[in-house]
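In what follows, a single structure is set out as structure tokens and then discussed.
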Amino acid sequence: MDSKVVAPLVERPPSAQPVTLNVNNRARDLRIEPRVSLLDALREQLGLTGSKKGCDQGACGACTVWVDGRRVLACLTLAVTCEGHEVTTIEGQSAAGQLHPMQAAFIASDAFQCGYCTPGQIMSAVALLEEGHATDDGEIAEWMSGNICRCAAYPSIRAAIRQVRDAASAGGE
Amino acid sequence: MRPLSYARAADADSAIAMVHDNRDSAFLAGGTTEVDLLRQNVLRPRLLVDINDLPLNQVEELPGGGIRIGALARMSDVARAGAVVQRFPVISQALLLGASAQLRNMASMGGNLCQRVRCSYFRDATSACNKREPGSGCAALTGFNRGHAILGTSDKCIATHPSDVAVALVALDAIVHSRGPAGGRAIPIDDFFLLPGDTPEREHPLEHGELISDRSTRDARRPPVALPEGPGSRVV
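Residue numbers (my numbering), protein chains in the order written: chain A, 146 to 318; chain B, 174 to 409.
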């Protein structure tokens, strides 16, 4: 390592340690081990059970949340890595008791049956519109492909997304 | 998942030193493969060194028409970067054909190159696998293997490489730049991906504690393409 001095890094032990997460614009203090996933921290430590554990291996999308505004999978994210970053969950979408337009559209379009995948679907759907990947049904299907619905409510999910997309463009948002 | 220690690196030298000094450690980048395999006891480090804060996420144009992609640039960001879309659409398209939007937002370019195989026997910690446990045998040879490789195999391993964008980078003669305890080096992409041979556990030439840094193409008509700059060894 040449001869330069390298500052040693601070090592957190495997035991539960204080971690502060910013979730839905609120700082939350918790004690967790480094191995705890963001999904488990949200559900089991913070009581935010909207994010669902489907596969717990990054395939189903039921745990989709945003970190710094980008949709990611909470099951493959270690909670401790989110310190200093903004986490947004489905609970953060309905500010002041008002449903997010995407939530309202899912209800209006009957875009779910069992509802288990729905929080993840909505977190992805809102991000999808932000990303500008909802031009047509083919593009919506491709960019929503990380969210599996075993009830196969896909046509209604796409209808809900189209509804919000069209309302936004009509209203100039 | 087994208990883990954790450290967040603020600079590359510290991260490299910490991983180099501890055989039971690994870099942590996007985590999309690593966290999954930690949970399945396929990877068994005791310490994770989080390198996500390192400034290795740029996509920059190089004189001569090439680009350099930092190892921590995310698949989604690289796929939509102007220079990539306009000059190296094969990289953009290959990236967008992989994984899902959520995974592409997480997965780093360095980790993409170092991602582990999808062989179900590798990922099942109770199956024989020379890649996971050298000398234990290869359950895929006589198992369910219709999705396995027919070229570049050995009698020790028949897993396929999982990266889509790796194919594009090979076509572009990209160069992988890395940094380790002994300094930096440039590795032609053809030399980066190792055939299984008798040592399937060695998938690339990076040493423990060595990080990927960037890429470039050697073809004069197609100057440096860029790639990862960031951690290589054990980074996922």
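Every residue, glycine too, gets a C-beta built ideally from N, C-alpha and C.
Since we're looking at a predicted model, the values are computed, not measured.
Straight through space, the alpha carbons of Arg295 of chain A and Leu175 of chain A are spaced by roughly 34 Å.
When Cβ pairs closer than 8 Å are counted between the two stretches, the segment 209 to 219 of chain A is seen to touch the segment 179 to 191 of chain A, the count reaching three or more. When the beta-carbon positions are compared, Asp250 of chain B and Pro218 of chain B stay at least 7 Å from each other. Counting only unbroken stretches of 3 or more residues, the beta strand (DSSP E) elements lying wholly within the segment 202 to 288 of chain B are 220 to 223, 232 to 234, 240 to 242, in sequence order. Non-local beta-carbon contacts of Ser269 of chain A in its own chain, meaning distances under 7 Å to residues more than five positions away in sequence, involve Gly206, Thr209, Arg216, Met289, Gly291, Asn292 in chain order. At least one C-beta of chain A is nearer than 7 Å to the C-beta of Asp209 of chain B. Runs of the alpha helix (DSSP H) spanning 4 or more residues and lying entirely within the segment 241 to 298 of chain A occur at 246 to 253, 263 to 276, 282 to 288, in chain order. Here DSSP, grouped into helix, strand and coil, assigns Gln162 of chain A to strand. One thing to note: Ala274 of chain B has its Cβ no nearer than 7 Å to the Cβ of Ser265 of chain B.
In the DSSP secondary-structure assignment, Cys330 of chain B is bridged to B:Ser327.
The continuous alpha helix (DSSP H) containing Leu342 of chain B extends over residues 338 to 344. Taking 7 Å as the CB threshold, Tyr294 of chain B stays off the interface with chain A.
Contact residues of the segment 253 to 273 of chain A toward chain B are Ser269, Ala272, Leu273 (C-beta to C-beta distance below 8 Å). Straight through space, the alpha carbons of Ser196 of chain A and Asp213 of chain A are spaced by roughly 17 Å. A straight line joining the alpha-carbon of Asn230 of chain B with that of Met282 of chain B spans about 9 Å. Annotated three-state conformation of Phe365 of chain B is helix, per DSSP. Using beta-carbon distances, Gln238 of chain A does not count as an interface residue toward chain B, since no partner is under 7 Å. For Pro335 of chain B, none of the residues of chain A pass the 7 Å Cβ criterion, the least Cβ distance being about 13 Å. For Val222 of chain B, the chain A residues whose C-beta falls within less than 8 Å of its own C-beta are Leu154, listed in chain order.
If you look at Ile177 of chain A, you'll find it in the beta strand (DSSP E) that goes 171 to 177. A check of alpha carbon separations from Ser293 of chain B across B:Glu233, B:Ala312, B:Met279 identifies B:Ala312 as the nearest.
Classified as buried, Cys330 of chain B has 16 or more neighbouring CB atoms from the shown chains inside 10 Å of its CB.
As computed with DSSP, Glu231 of chain A is found in a beta bridge with A:Asn167. With the rule of 3 Cβ pairs closer than 8 Å, the segment 180 to 191 of chain B counts as touching the segment 350 to 357 of chain B. Near chain A, meaning a CB-to-CB distance below 8 Å, the residues of the segment 261 to 288 of chain B are Ala272, Ser273, Ala274, Gln275, Leu276, Asn278, Met279. Within the same chain, and ignoring the five residues on either side of Ser239 of chain A in sequence, the residues whose Cβ sits closer than 8 Å to its Cβ are His245, Gln248.
Exclusion of the five residues before and after Val343 of chain B leaves Ile362, Asp363 as the residues of its chain whose Cβ lies within less than 7 Å of its Cβ. Nearest CB-CB separation between Trp288 of chain A and chain B: below the 7 Å threshold. Taken atom to atom, the span from the alpha-carbon of Asp371 of chain B to that of Ala161 of chain A is near 42 Å. Contact note: Leu218 of chain A reaches chain B through Thr205, Gln275, Leu276, Met279, using a C-beta cutoff of 8 Å and chain order. Taken through DSSP and simplified to helix, strand or coil, Val309 of chain A comes out as helix. Distance from the CA of Val349 of chain B to the CA of Leu270 of chain B, rounded to the nearest whole angstrom, comes to 22 Å.
Setting aside the 5 residues that flank it on each side, Ala272 of chain A is surrounded in the same chain by Arg216, each with a C-beta closer than 6 Å to its C-beta; the list follows chain order. In chain order, Arg241 place their CB closer than 6 Å to the CB of Glu233 of chain B, counting only its own chain and leaving out the 5 sequence neighbours on each side. Listed along the chain, the chain A residues whose CB falls inside 8 Å of the CB of Ala180 of chain B are Leu154, Val155, Glu156, Arg157.
Taking a Cβ-Cβ cut-off of 7 Å, the neighbours of Val225 of chain A in chain B comprise Tyr179, given in sequence order.
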